[in-house]
Each structure stands twice: as C-alpha cells, then as structure tokens.
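> Last residue of the sequence shown: 258 in this note's numbering, with the numbers rising by one and none dropped.
Attaching a single structure in structure tokens format; questions to follow.
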Amino acid sequence: MIFYLVISVLVISQCLYKVLQIFAQQKRIWKDNYEKLSYFFGLSRGYKIYVSVKGLDKWQQVFGKGEIEKLRIKNYCVCYASGEILEVYAIVKNLPEGAHWIEENEDLGFEELDEDEVELNSKEIIIENSLNKKPCNVTYETKITNMTAGKIYPIAFGGYVKNGCKFELSNVVESAYSASQFRNWYGLQKDYIQNGESVRDPNNYGDGDSYWIYVFETESGEIKKAGCFLGNLRKL
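What follows is the structure in structure tokens.
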C-alpha cells in the first residue's frame, strides 16, 4: 500500500514538474515577445504591429506599448506601412489582413554587377554596419550617409556575393530591392537623401561573406553604386 502511494506521489510530482516547466517556458515567450514589440514601438517608424493571444485567426492591431503590457502574446507580426512583413513570430497559417511577404520587383535589373562598377567603402556614400540593441538580437543596423555635393535618389539595392570579377545578387527574392522598399526600411520620408543626411535601417538581416550594394542617382543624373563588405558582425 505504501509502495503504491509513493509511486502515485512520484507520478503526480513529475506531472506537476512538467506543467511548471511548460508554464515557465510560456512565460519566457510572453516576456520575449513583449520586449521585442516594445523595441519596435520605441523606434517610432510607423510600423503596423499585430498580435494574437489565442489563435492565428484572431489577429488584432496594437498601436502602443501600453496596449501590450498585460497581453499574453503568443504570436506577433510586424509590418512596414506598405504591409510588407518585417518580422513575424508565429507558425504562419493566416497572416493579418493587408500583410504580405517580400515580393519580387520585376524588370528592376541589377542582378549582376561588374566589380569595377561598384565603389566599396566609398567616401561619398558612406555605409556603416553595427550591432543594434534589439532584444534577442539577430539583426544589425545599417547607416548610410550622403557626402556627395547634392541629393541622391535610391534606385535599387540588395545583398550580393562576389564571384570572380562579378557581384551576383543574393536576396531572399530573385530581384533587387526597390526605391520604395529603401524608403520603408530606412525610414526615408522623401524621394532622396540630402547632402550630409544619414538614414538607418535598424533591422537588417544576413551576414557572412556578402556585400550590401546600393544604386543611387545624383541630381546630375549620374548613377553611383556604393557597397560594403558585411562579414559576420555577430562574431565581432
């Protein structure tokens, strides 16, 4: 009798321990999600932020940090103003209304660039990468400063890998990113970067043996291609 009682107590203890483990893990997820969304709200970039506390068919848009303080957020979706998804934490079955993945830009070109077309580490268009302060960091910040004599207009940009004397496009889609994507990602409120002005993308992904290359047009119509080697920032 005592033996069976001991076994029962052990089984109940194990079950209780597993339940407590699951609850502790869930609390960590809620905390991580709250910290990440607080970070996005703190950037003041006009992101559209959606959360779900039950299922993926119950998305709701939230508009400030105060709204999420007491929510047990299971899933979230952060979008640019255009609806393009920046970051999502979910087993995605249904996206929030209006949200969409990065789309290809047909006929934009720039899939392959000659080595001598691209100015690396330009003194006129300065490109800098650094780790950001995002919670659970998997991204870095890219800063671009226009040191030319006038305005520069973004045309296209993307990640590239070096193959011999060529730079070959290596984006998550099979096209370069567009000017409108540049404005969204870098928080540019107009069509150009003014002389002496800096813009930032605080949520850049990717690392390793790759290059970020940007195509700009100057006020005089000259096309400039500026790039930098990325390397693995998270190992620095």
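Glycine included, C-beta positions come from ideal geometry on N, C-alpha and C.
None of the values given here were measured: they were computed from a predicted structure.
1) Between the C-alpha atoms of Ile51 and Ala112, what's the straight-line distance to the nearest angstrom?
2) Where are the beta strand (DSSP E) runs, 3 residues long or more, that stay fully inside the segment 142-195, in chain order?
3) Determine the DSSP secondary structure at Cys250, reduced to helix, strand or coil.
4) Could you name each continuous beta strand (DSSP E) segment of 3 residues or more that falls completely within the segment 83-132, going from the start of the chain to the end?
5) Alpha carbon to alpha carbon, what distance is there between Lys92 and Leu191?
6) Would you kindly check if the distance between the Cβ of Asn206 and the Cβ of Asn168 is under 8 Å?
7) Cβ atoms of Ile174 and Glu109: under 8 Å apart, would you say?
8) Would you mind stating whether Asp223 and Tyr236 have Cβ atoms separated by less than 8 Å?
9) So, do the segment 52-72 and the segment 86-105 have three or more beta carbon pairs nearer to each other than 8 Å?
10) Report the option in Asp213, Asp136, Val221 whose CA atom is closest to the CA atom of Asn185.
11) Suppose contacts are defined by Cβ-Cβ distances below 8 Å. Is Thr161 in contact with Ile149 by that definition?
12) Quick one: using the 10 Å Cβ neighbour count with 16 as the cut-off for buried, is Gln203 buried or exposed?
13) Cutting at 6 Å between CB atoms, please list the residues of its own chain near Asn127, excluding the five before and the five after it.
14) The beta strand (DSSP E) with Ser202 in it runs from where to where?
15) With a Cβ-Cβ cutoff of 8 Å, do Ala103 and Gly64 count as a contact?
16) Of all Cβ atoms in chain D, is any one closer than 8 Å to the Cβ of Ile124?
In short, the structure shows the following:
1) Across the structure, Ile51 and Ala112 are spaced so that their CA atoms are roughly 12 Å apart.
2) Those beta strand (DSSP E) runs which fall completely within the segment 142-195 and span 3+ residues are 147-153, 162-168, 174-185, 188-191.
3) When DSSP states are grouped into helix, strand and coil, Cys250 belongs to the strand group.
4) Segments of the beta strand (DSSP E) lying fully in the segment 83-132: 97-101, 107-111.
5) Whole-angstrom Cα-Cα distance: 44 Å.
6) Cβ distance not < 8 Å, so Asn168 and Asn206 don't count as in contact.
7) Going by beta carbons, Glu109 and Ile174 fall outside the 8 Å limit.
8) No, they are not a contact pair.
9) The segment 52-72, when compared against the segment 86-105, does touch it at the 8 Å Cβ threshold.
10) Minimum Cα distance to Asn185 is reached at Asp136.
11) Going by C-beta atoms, Thr161 is not nearer than 8 Å to Ile149.
12) Counting of Cβ neighbours within 10 angstroms places Gln203 among the buried residues, the total reaching 16 or more.
13) Ser197, Ser200.
14) Counting along the chain, no beta strand (DSSP E) covers Ser202; the unbroken alpha helix (DSSP H) around it starts and ends at 201-208.
15) No, the Cβ-Cβ distance between Ala103 and Gly64 is not below 8 Å.
16) Going by chain labels, chain D is absent from the structure shown, which holds only one protein chain.
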